[in-house]
Amino acid sequence: MDSFSPASLYPLCSAITQHAVSSTAEAQSLLQSAPQSNQITSQIAALSASFHAASVQVTHLEHALRNAAAISARMQSVLTENLTSCNSLAARLHKQMMRLHRENLKDVDARFVAAHLAALTTYQGLFRHLSQTLSIHQRDAQDANMTSLSAQQLIQQAASASQAASQTTSILLDDNVTQGCSPPAFNNLPHRPKNRDTPQDEPPPYAPTDPSSSNSHQGPTPPQTDAGPSGFSLGRTLKAFAHSLMPKPDPFVNALCQAVTNGDIQQVTGLLSQGINIDGKGEAGKTPLQCAIAADQQDAAEVLLSAGANYTSPGGWGHGMPPMFQAAAAGRVGIARLIMARGVQATETSITGQPYLVDVVGSNNLDGVRFLLDHGASPNSSSISGRRVLAQAVAQSNPELVELLVKRGASPNTPDMTGGSVLAVAAEKEDLRTVRTLLENGADVDGTTVYGATVLVDAIARNRLDLARVLLEHGASGASDDVSGQPVILAVLKSHRIQPGDKVDLVGRLLENGAPPNARDLAGTPALCLALDAATPDLARVLVEHGADTNAATGAGEPPLLYAVDKGHTTHARMLLEHGADANGAQSARGETPLVQAVARQDVELVKLLLEHGASVDVRAVEAAGTSRPDMLHILGLDRVHPPTYQASSS
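At the far end of the sequence shown sits residue 661, using the working numbering, and the numbering has no gaps.
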């Protein structure tokens, strides 16, 4: 993208901001004139606040663009694609919000609101990450940041959420019906008594659909924005305004919730007989049935269900899941079973199409997940961003949950949504228990990371020797190449971070698993010479015992024996000679044999060793080496050829 100019993105940033400013102003005016506060007005307020928060991130992103020292090609592509798609979403949302007025608020489609709120929330996170990446001055570092697991997740989530939002064409229910989008059917819901003085059920509030979010997250919270010179902050104002529109708790419902929590069945039945709203919410925002789930009061739950408590609609607590899935996520399997007996299916999905199993897996509750799997939920279910529940369990470092899903049919070789293997996800989390669980249940031990390197290569690069050993124990290929295309065994031999004992152990394991003992680096240096450099005899020995050529020359033509003699490594020289090194075949660039080099070093032990293994004595070469030591000449047999002469000292 050589012709790329950051200025081409400024109009997109400006357009998104203008759409948001106009929409939030319209929403604020509309909400102030609304005849009553209810969940629909709260949703519109939340949507408006999130639109504003997204525009704030776009403003920050534009500032980062104007000040960026460099923008890599990958960044250019991601910026252009996501600002363009966000602008399309912003224009569509602006157009739809301008259609709202007091009379049609009751017809707002909660699915449209939820989908656009989810998209705006994901764009906020992505644009924040892009702004931070633009502060990096090196293009390579920018690319590395954008290929990280977290960045790839943000990009995937934004794409999925934007696509889901584009499929909801109108903010009003009547339009969707006309266009062939049928509203939810309420005909089959169980009849339950209602207090005519209390409002009827409203569409459910927005709840996050991305299971990778924290379990404590209860919904989108637009980021706080800096106040202007006057101290006014539109984001905080809208958030406070939305909070003021939330229904106030009914004191009678509070009493019912307390009785349910305490398991006081007599008081529960007494309160219900007085016509208290069975689906009202107490101070904690929970319905009585949700209170029964939280307190694990199965008898109270049964009374509420028999009295007509709503068990099908999502609530604001429990990630917006219907009660049965809230019960499963909390491990209240008995209550979940009571609700299922009334016809709820374990395979149900949210309005975005995401199976509720995804949310229950996010709770990390083994019993709840097992309950849903027992009743037909698919172990290969995916979130709306495309992440399988197995990858989610791996990311949560829950080996028991991972094993449960795999035993029930989840493929251990299913890639994560970033393209790497789930084994790579476990390795990145440094979770050996989950790594072992995956390997013991059929995961490909040579699975790759998002960068294309095997998990073993990545573990060695990060000096995770414990992980590398586990992988090698399960058969990981020792013949893998690192990111530079060199055999990974060379990286181990050259590493300054790996201790000698660990290096010997790891090289041995790699060789057992197929690493080439005669591998050479880019300079042509054989692995054996690299081992000799380490001055650890066992390291060279393990290579030789696995077939390393003791006569293989370096790129400069120097064989290992000559290398060992030149360094004075007697132990190495003995090991090489014992494993076939030719005492006479090795010559330096100057034509020197190992024996001549040993003589030049005045190393009697090396001279003896070489002679024992058949080294030939070249008289002229030895004389040229310049030794005059009687013991050395005697060992070489030269004292009889050229006896040493001595000059008498003068008295």
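C-beta: ideal position from N, C-alpha, C; glycine also.
Values in this document were obtained by computation on a predicted structure and should not be read as measured data.
Per-residue burial, residue i [other beta carbons within 10 Å of its own, 16 or more giving buried]
i      : result
Thr464 : buried
Ala420 : buried
Thr94  : exposed
Pro570 : buried
Gln284 : exposed
Gly488 : buried
Asp441 : buried
Val187 : Low confidence applies here, because Val187 scores a pLDDT of 46, under 50, leaving its location unreliable and the question unanswered by this model.
Asn375 : buried
Asp468 : buried
Ala558 : buried
Gly372 : buried
Lys291 : buried
Gly452 : exposed
Arg474 : buried
Arg121 : buried
Glu413 : buried
Arg342 : buried
Lys513 : buried
Ala17  : exposed
Asp548 : buried
Where residue i falls: helix, strand or coil (DSSP)
i      : result
Arg342 : coil
Thr581 : helix
Ser24  : helix
Arg479 : helix
Thr179 : coil
Asp491 : strand
Ser431 : strand
Thr34  : helix
Pro261 : helix
Ser392 : strand
Arg76  : helix
Thr279 : helix
Val379 : helix
Pro536 : strand
Val460 : coil
Arg397 : coil
Val455 : coil
Arg530 : strand
Val354 : coil
Gln612 : coil
Thr603 : coil
Own chain partners of residue i with C-beta closer than 7 angstroms, once the 5 adjacent residues on each side are dropped
i      : result
Glu72  : Tyr20 and Cys23
His139 : Ala161 and Leu164
Val445 : Leu433, Ala436, Ala437, Leu477 and Val480
Thr535 : Thr564 and Gly565
Pro425 : Ser431
Residue i Cβ short of 7 angstroms to the ligand ATP heavy atom set
i      : result
Leu442 : Questions concerning the ligand ATP fall outside what the structure shown contains, since it holds no ligand whatsoever.
Chain-order list of residues whose beta-carbon lies under 6 angstroms from that of residue i (same chain, five-residue window excluded)
i      : result
Gly396 : Met427
Gly524 : Ser487, Gly488 and Ala489
Gln152 : Ser82, Met85, Thr143 and Ile146
Gln106 : Ile181
Ser141 : His70, Leu71 and Ala74
Thr447 : Pro409, Val412 and Glu413
Residues near residue i by beta carbon distance below 8 angstroms, same chain, minus five either side
i      : result
Gln496 : Ala529, Asp531 and Leu532
Gly386 : Gln355, Ala356 and Thr357
Leu542 : Ala550, Pro570, Tyr573, Ala574, Lys577, His579 and His582
Asp586 : Note that residue 586 is Leu in the sequence shown, not Asp. The residues are Ala550, Val554, Thr560, Pro570, Leu571 and Ala574.
Thr157 : Arg84, Val460 and Tyr461
Nearest to residue i (by Cα), restricted to the options the options
i      : options                           : result
Asp7   : Gln177, Glu622, Arg472 and Gln49  : This structure cannot settle anything about residue 7, because the visible part of the chain is limited to 11 through 661.
Arg352 : Ala311, Leu383, Gly363 and Thr359 : Ala311
Glu622 : His147, Gln307 and Asp592         : Asp592
Gln336 : Ala317, Ala608 and Phe381         : Phe381
Leu520 : Ala501, Arg507 and Gln509         : Ala501
His287 : Asn320, Asn272, Phe137 and Ile275 : Per the sequence shown, residue 287 should be read as Asn rather than His. Looking at the Cα atoms, Asn320 is the closest of the given residues.
Thr27  : Pro422, Val68 and Gln42           : Val68
Ala25  : Thr34, Ser15 and Ser65            : Ser65
Ser391 : Gly378, Asn408, Gly363 and Ala405 : Gly363
Arg177 : Asp491, Ser141, Thr157 and Leu103 : For the sequence presented, residue 177 should be read as Gln rather than Arg. When each option's Cα is compared against that of Gln177, the closest is Leu103.
Gln53  : Gln406, Val412, Val609 and Leu115 : Leu115
Gly295 : Thr322, Leu314 and Asp260         : Asp260
Glu450 : Ala471, Asp369 and Asn423         : Asn423
Any 3 or more C-beta pairs closer than 8 angstroms across the region 25-40 and the region 56-75:
yes
Could you tell me whether the region 301-316 touches the region 264-278, where touching means 3 or more Cβ pairs closer than 8 angstroms?
yes
Taking one C-beta from the region 399-414 and one from the region 428-438 each time, how about it: are there three or more such pairs within less than 8 angstroms?
yes
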